[in-house]
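Student: Questions regarding the structure given below will be posed in turn.
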Amino acid sequence: MPHHLRTPAFHPERWAAGVLLCGALFGVLYWISVHTETGQLLDIMMQRTGSTTGHPLPELDPENEWIAVWILLPPLVACVGLGRRRGAHGRWRVLGSAALLVLGANLSTQLFKLVFSTRPVLIGLTEDWTGNSLPSGHTTIAASAAAAMFLVARPRDRALWGVLAANWSALWGAYIFVEGWHLPSDMIAAYLVVAGWTLLCGAVVLQTEARDPSLAPLPAESGRAGGRQAGLCITLGAFGTTLGLVSLLGPVLRDGLGAVAESTTPWLWIAGAALSAAPVYLLWAALIPLFGAQTRELDRQAAQRRRREQDRLDSIARRSRGISGDGTAP
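Shown next as structure tokens:
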């Protein structure tokens, strides 16, 4: 790109605000679920049904380190294929940003649990759950690997890969819950960690793409960029989250918190599975159009600059041939 063509304008404050919002939501979730009696009680009520209810899925061994490989392998293969479809310009910077996303999200999760390693016993049901398990490490692995696919995908394909990333994250979040490994809040916290790192590393990817004129632009479609895919995510997220809240709070309102806390009603299992999976769709419903809108804006600004540069070159060529600005010879 010629030196006089500037990179399209980028607004890092928007992305910084998104990262701060994810951090604030993470802090609120941590305080409510770990440091309040009601939060601990609701979490452990759902987790107890996950660990005692049978299901047809293969049983997972938490001591089996190969599980992390199976979580990572499909997204890793997808990233390799998606990376090969990109041009040489900025390919390694994009792949490096995706790797930083996976590494940063997982290190953040483990570091947080190392620093905040204890869980106060505020109710009798949590006497056997004194260690802090928030955020879920395996869910962070799944969600971060899925988000890496989203970053590596070309701009025109990114919305579709955002839906696939949401599905991969949600399926593993629900699976880990029904195995009884984690509390629902642990999965939601992992999604927030990954969302923050996706915004942070995504800003680098978008800046790289702004300098690459060979990338295919977003498909020409009416409405908001990525709107259909975001609409699907918000539909799934809103339905699943509502189902989870109704399944959790319905029995409580009907029978009282004390009675439900002593029971293992299947409604709590439904609530835990839904709340362990559905919230990630709501996050992707925000991420997909955010990236799409920024890419479209960068495409538009870059196209304007290319047109102005071409007009300038045409003007120079006309003057060199002795043609005036209105196209007539002097």
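In the numbering used here, each residue's number is its place in the sequence shown (first place is 1) plus 1423. Glycine is no exception: its CB is placed at the ideal position from the N, C-alpha and C atoms.
Got a sec: does the ligand FMN put a non-hydrogen atom nearer than 7 Å to the Cβ of Ala1582?
Tutor: The ligand FMN is absent from the structure shown, which contains no ligands of any kind.
Student: Using only the alpha-carbon positions, how far apart do Glu1644 and Leu1496 sit?
Tutor: On the sequence shown, residue 1644 is found 221 positions in, with the first residue counted as 1. On the sequence shown, residue 1496 is found 73 positions in, with the first residue counted as 1. Confidence in Glu1644 is poor, its pLDDT being 48 and thus under 50, which makes the residue's placement unreliable; the coordinate value appears in the next sentence. Their Cα atoms are separated by approximately 33 Å.
Student: Count the other CB atoms, across all protein chains shown, that sit within 10 Å of the CB of Phe1662; report buried if there are 16 or more and exposed otherwise.
Tutor: On the sequence shown, position 239 is the one that residue 1662 refers to. Classification for Phe1662: exposed.
Student: Is the Cβ-Cβ distance between Arg1577 and Arg1508 less than 8 Å?
Tutor: Here the question's residue 1577 lines up with position 154 in the sequence shown. Here the question's residue 1508 lines up with position 85 in the sequence shown. For Arg1577 and Arg1508, yes; Cβs fall inside 8 Å.
Student: So with Cβ pairs under 8 Å, would you call Leu1655 a contact of chain B?
Tutor: In the structure shown, chain B does not exist; there is a single protein chain.
Student: Is Thr1472 helix, strand or coil when you go by DSSP?
Tutor: Locating residue 1472 in the sequence shown gives position 49, where the first residue counts as 1. Note: Thr1472 maps to helix in three-state DSSP.
Student: Using the Cα positions of Gly1660 and Ala1694, report the straight-line distance between them to the nearest angstrom.
Tutor: The residue given as residue 1660 occupies position 237 in the sequence shown. The residue given as residue 1694 occupies position 271 in the sequence shown. So the alpha carbons of these two residues sit roughly 13 Å apart.
Student: Taking one C-beta from the region 1611–1627 and one from the region 1551–1570 each time, how about it: are there three or more such pairs within less than 8 Å?
Tutor: Short answer: they touch.
Student: What did DSSP end up calling Thr1665 once you bin it into helix, strand or coil?
Tutor: Against the sequence shown, residue 1665 aligns to sequence position 242. Three-state result, Thr1665: helix.
Student: Output the distance between the C-alpha atoms of Met1468 and Ala1501, rounded to the nearest integer angstrom.
Tutor: For the purposes of this step, residue 1468 is taken as residue 45 along the sequence shown, with counting starting at 1. For the purposes of this step, residue 1501 is taken as residue 78 along the sequence shown, with counting starting at 1. Approximately 37 Å, taken between the alpha carbons.
Student: Tell me the start and end of each unbroken alpha helix (DSSP H) in the region 1670–1713 that is at least 4 residues and wholly inside, in chain order.
Tutor: For the region 1670–1713, whole alpha helix (DSSP H) runs of length 4 or above, ordered along the chain, are 1680–1684, 1689–1700.
Student: Return yes when the Cβ of Arg1542 is within less than 8 Å of the Cβ of Val1457, no when it is not.
Tutor: Taking the first residue of the sequence shown as position 1, residue 1457 is located at position 34. Taking the first residue of the sequence shown as position 1, residue 1542 is located at position 119. Yes; because the gap between Cβ atoms is below 8 Å, this pair is in contact.
Student: Which residue's Cα is closest to the Cα of Ala1447: Trp1707, Leu1587, Leu1615, Thr1687?
Tutor: The residue given as residue 1447 occupies position 24 in the sequence shown. Nearest C-alpha to Ala1447: Leu1615.
Student: Compute the Euclidean distance between the alpha carbons of Trp1454 and Ala1716, then round it to the nearest angstrom.
Tutor: Taking the sequence shown and counting its residues from 1, the one referred to as residue 1454 is at position 31. Taking the sequence shown and counting its residues from 1, the one referred to as residue 1716 is at position 293. One C-alpha to the other measures close to 33 Å.
Student: Thr1541 by DSSP, collapsed to three states: which one?
Tutor: Within the sequence shown, residue 1541 is the residue found at index 118, counting from 1. Looking at Thr1541 - three-state DSSP - the assignment turns out to be strand.
Student: Select from Ala1684, Phe1449, Val1683 the residue whose C-alpha is nearest the C-alpha of Ala1613.
Tutor: For this step, residue 1613 is matched to residue 190 along the sequence shown. Nearest of Ala1684, Phe1449, Val1683 to Ala1613, Cα basis: Phe1449.
Student: Any idea if Trp1591 is buried or exposed, counting beta-carbon neighbours within 10 angstroms, 16 or more meaning buried?
Tutor: Translated into the one-based positions of the sequence shown, residue 1591 becomes position 168. It is buried - the Cβ of Trp1591 has at least 16 other Cβ atoms within 10 Å.
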